[in-house]
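What follows is one structure encoded as structure tokens, with my remarks underneath.
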Amino acid sequence: MLRVENVTHSFKNGNETTAVLHQIDFSVKKGEMVALLGSSGSGKSTMLNLMAGLMKPTEGHIYIADQDIVKMSENKLSEFRRKHIGFIFQAYELITSLTVRENVELPLVFQSVSPSIRKQKALALLEGVGIPDKADLFPSQLSGGQQQRVSIARSLITEPSVIFADEPTGNLDSKTEEEIINILLNLNKKMKTTFIVVTHELKVAEQMQRIFTLQDGYMITEKQTSSDTELEGGKLIED
Amino acid sequence: MRISDISRLAWEQVKRRKVVTGLCMAGISIGCAAIIVALSIGDSAQSYTEREINRNFKMDEITVTPNSGIPSQGGGEGKEASASDAKLDPGRLTGQKLKIVQGLRHVTAAAPFQELGYIQMTTIDNKITDVQLIGTDLRLLTKYDHKFKQGGPSDSVGMAVLNYGATVGLIDVETRQRLFEQLSTDPYNNKIMEQYNSLSMLPSDMFKQQVQLQSYDPASQTGQSLISSPIQIVGILDSTGNPDMAMYDKKIYVSLETGERLVEQLKLMNGTAGQKDVYNSAIVKVDSTDNIVQVEKLIQKLTLNTSTNLYQKEAMASTFSMFKKAALGIGIFILIIASISIIVAMTMSTHQRRRQIGIMKVLGANMGQIRNMFITEAALLGMLGGLLGIGFSYLIVFGINKLIGSTGGMGMGEPLVITIPLMTLPIGIAFAVMTGVLSGIYPAISASRTNALTAIKRD
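Protein sequence lines, in the order shown, are assigned to chains C and W. Sequential numbering of the first sequence, starting at 1, is according to full-length UniProt numbering. Sequential numbering of the second sequence, starting at 1, is according to full-length UniProt numbering.
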């Protein structure tokens, strides 16, 4: 599904070049839910941006759905993102002038999908994330957890190959954090969508099937966690 | 991306960003109003002047006269007299030719206006004035923009219609003689001149009065006058043009039959006077000044001379064309200034919305889609500004009309009323939208080039 091959990335600061990622190699299978764990400055966000095609690596290749996104032009990448990639942001990043439903529909607007189909899909997803009654409200009328649910619904509307979640619980209290993680796990289980969750919290990472740990730009560990876990009623149940 | 979605997203932004929207709309509306008002003033002033000139110069009329430029070479090889006459002088203005002219397309009236000469008109109470005697079809006078102030036309012999000018300045013989004598001895005496002028402008009630026409007998050695039989005034025409100028335009209209009788009685020798069914002048009324040239050419084919006052319109059109161009230039200049405000406001707005643009790009919006959204927003601002501009232009025109009304118009006939021609509204809106779109191009390109990653990054 996703393959990162020998990716190195460095920034130029005047005459100085600072390497932030060193020869990273890993792959994620279809339907897998993995965590990219690392402390601040470890390079995890840079890795996420490279995988999402928001940046180009200095070296290496990134394949999503068997296509090398490194070689794509900006417009091709926009089209690719539209079809294959979903995003969940730490700060939700909803458009405040649009209603909840319109926010969820937005990626389909860029694909010229008809309003009736968009509406149908958006309402179904809002029901899936547990806020069907908030469809006509504006983001400012929702709590942080509810906004993140909207963001999750929005990331799923295009039925992408992979969803990148950048610190999805970073702005939430522990109770809401648990709810959101459960929603993600549930969706992964139900929809078989590949999730790559970037986090600095071990307890969040541990709920994923595999953890890739980054430190100072190097991939230091790859750990299998709860591949056999099953979900029931939104709660993780260990075998 | 669907047009409806682009428009909806643009509309949301326009609604949301009230200050930016207000600033942009204000700038554009002023420019748009300037264009609409300028075009309206130009148009209204042109049609007003055209109307006034038409009233005075009758631009929709063609004066037809015989074509005497083609000399006749004789003939008379035993043919009938009338046929040989026609061959002798094919340029004559005959009743037959007038009938052909009457049947031409765009001709609303064609009547002989037989100019029989300038003669003296005397009332029963011995007041006199000099008038131009014209033989015509009295029933057709109203077709030539004449309105009857009193009475109406009559077919009967011995009846006449006076124009308004012929009813003013009727002075009794003694007074007139006295004033002339005083003026000849003291030509710079303002008092006498004022007295003469005020008498010359004084109207008399001539309706249903009897008058006699008087001319000098050319055969008489003693300068004896010839006096016509009494003529009954059956109608008075309303004043056309400036009433102050009426004293210089005195006409008495009689039927062609009455005219023939007067020619005999007064021994008038003016042009074709006395020749049956042959006229020295006719006036052709055309439905629009636009068709004058076309009709004129057809009349000329009948070997007749024509003259019009159309050159007045052409001269006026070029003057107003210059005025309109200048006004349009001013409006466009204001719109250019307004467009700077849009560029500034939209560029500011682009910077404020960088994060939003970044999110949209991350969600799959491409550069073209972002660009289209901003251009649509700018076009929408232009259109709203244009609509506001239309409102402003009506207010401005209302104010100008009030001002013109309070100052008593332009001192000519009817007061000048500025109206906004409907055609100027789409022109104003088109300019406003165009300004919006052109001003939105730079901010739109700038927005579409926003780096998504930089835009969504939080410090």
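Just so you know, even glycine gets a beta-carbon here, dropped at the ideal spot from N, CA and C.
Query, Result
"For residue 76 (chain C) and residue 358 (chain W), I'd like the C-alpha separation in whole angstroms.", "16 Å"
"Rounded to whole angstroms, what is the Cα-Cα separation between residue 39 (chain W) and residue 7 (chain W)?", "31 Å"
"Closer than 7 Å, Cβ to Cβ, to anything on chain W: give me those residues from the region 147-163 of chain C, in chain order.", "none"
"Select from W:220, W:250, W:59 and W:439 the residue whose C-alpha is nearest the C-alpha of residue 340 (chain W).", "W:439"
"Within 8 Å (strictly less), CB to CB, does residue 93 (chain C) reach chain W?", "yes"
"Looking only at its own chain, which residues have a Cβ that is under 6 Å from the Cβ of residue 122 (chain C), when we skip the five neighbours before and after it?", "101, 104 and 105"
"Quick one, are the C-beta atoms of residue 133 (chain W) and residue 293 (chain W) less than 8 Å apart?", "no"
"Got a sec: which bits of the region 53-64 of chain C sit with their beta carbon under 9 Å from any beta carbon on chain W, in order along the chain?", "54 and 55"
"Given a limit of 9 Å on CB to CB distance, which residues of the UniProt domain \"ABC3 transporter permease C-terminal\" (330-451) of chain W reach chain C?", "355, 356, 358, 359, 360, 361, 362, 363, 364, 365, 366, 367, 368, 369 and 451"
"Verify the CB distance criterion: does residue 168 (chain C) have a CB-CB separation below 8 Å to chain W?", "no"
"Got a sec? Which residues, its chain only, sit under 7 Å from residue 324 (chain W) by beta carbon, not counting five neighbours each side?", "39 and 42"
"Which term fits residue 417 (chain W), buried or exposed, when burial requires 16 or more other beta carbons within 10 angstroms of its beta carbon?", "exposed"
"Just the chain W side, please: which residues come within less than 8 Å of residue 107 (chain C) by C-beta, in chain order?", "363 and 364"
"Considering just the uninterrupted stretch of the alpha helix (DSSP H) at residue 295 (chain W), what are its terminal residues?", "292-300"
"Taking the alpha helix (DSSP H) that residue 110 (chain C) belongs to, which residues open and close that run?", "No alpha helix (DSSP H) contains residue 110 (chain C), which DSSP labels as neither H nor E."
"Anyone know if the C-beta pair for residue 212 (chain W) and residue 227 (chain W) falls short of 8 Å?", "yes"
"Would you list the residues sitting across from residue 253 (chain W) in a DSSP beta bridge?", "W:134 and W:161"
"DSSP three-state call for residue 90 (chain W): helix, strand or coil?", "coil"
"Let me know the secondary structure DSSP gives residue 218 (chain W) once reduced to three states.", "coil"
"Which residues in the same chain have their Cβ closer than 7 Å to the Cβ of residue 70 (chain C), if we skip the five residues on either side of it in sequence?", "56, 57, 61 and 62"
"Taking Cβ-Cβ distances shorter than 7 Å, what residues in chain W pair up with residue 110 (chain C)?", "1, 363, 364, 365 and 369"
"Considering Cα atoms alone, identify which of C:74, C:206 and C:40 is closest to residue 53 (chain C).", "C:74"
"List in chain order: all unbroken alpha helix (DSSP H) runs of 4+ residues lying wholly within the UniProt domain \"ABC3 transporter permease C-terminal\" (330-451) of chain W.", "354-362, 367-406 and 424-448"
"Can the beta-carbon of residue 236 (chain W) be found less than 8 Å from the beta-carbon of residue 167 (chain W)?", "yes"
"Suppose you measure from the CA of residue 327 (chain W) to the CA of residue 384 (chain W); what does that come to, to the nearest Å?", "22 Å"
"Does the distance from the CB of residue 217 (chain C) to the CB of residue 43 (chain C) come in under 8 Å?", "yes"
"Would DSSP call residue 230 (chain W) helix, strand or coil?", "coil"
"Given a threshold of 16 other Cβ atoms within 10 Å of its Cβ, counted over all protein chains shown, does residue 395 (chain W) qualify as buried or as exposed?", "exposed"
"Could you tell me whether any Cβ in chain W is nearer than 8 Å to the Cβ of residue 75 (chain C)?", "yes"
"Below 8 Å on the Cβ atoms is my contact criterion, and I expect residue 332 (chain W) with residue 436 (chain W) to pass it. Report the Cβ-Cβ distance as a whole number of Å.", "Not really, about 14 Å apart at Cβ, beyond 8 Å."
"Can you check DSSP and say which residues form a bridge with residue 210 (chain C)?", "C:34 and C:224"
"Assign residue 178 (chain W) to one of two classes, buried (16 or more other C-beta atoms within 10 Å of its C-beta) or exposed (fewer than that).", "exposed"
"Counting only Cβ pairs nearer than 8 Å, list the residues of chain W close to residue 87 (chain C).", "362 and 363"
"Please list the partners that residue 79 (chain C) has in chain W, where partner means a Cβ-to-Cβ separation under 8 Å.", "364 and 366"
"Spell out whether any CB of chain W is found under 8 Å from the CB atom of residue 49 (chain C).", "yes"
"Between which two residues does the alpha helix (DSSP H) carrying residue 190 (chain W) extend?", "190-200"
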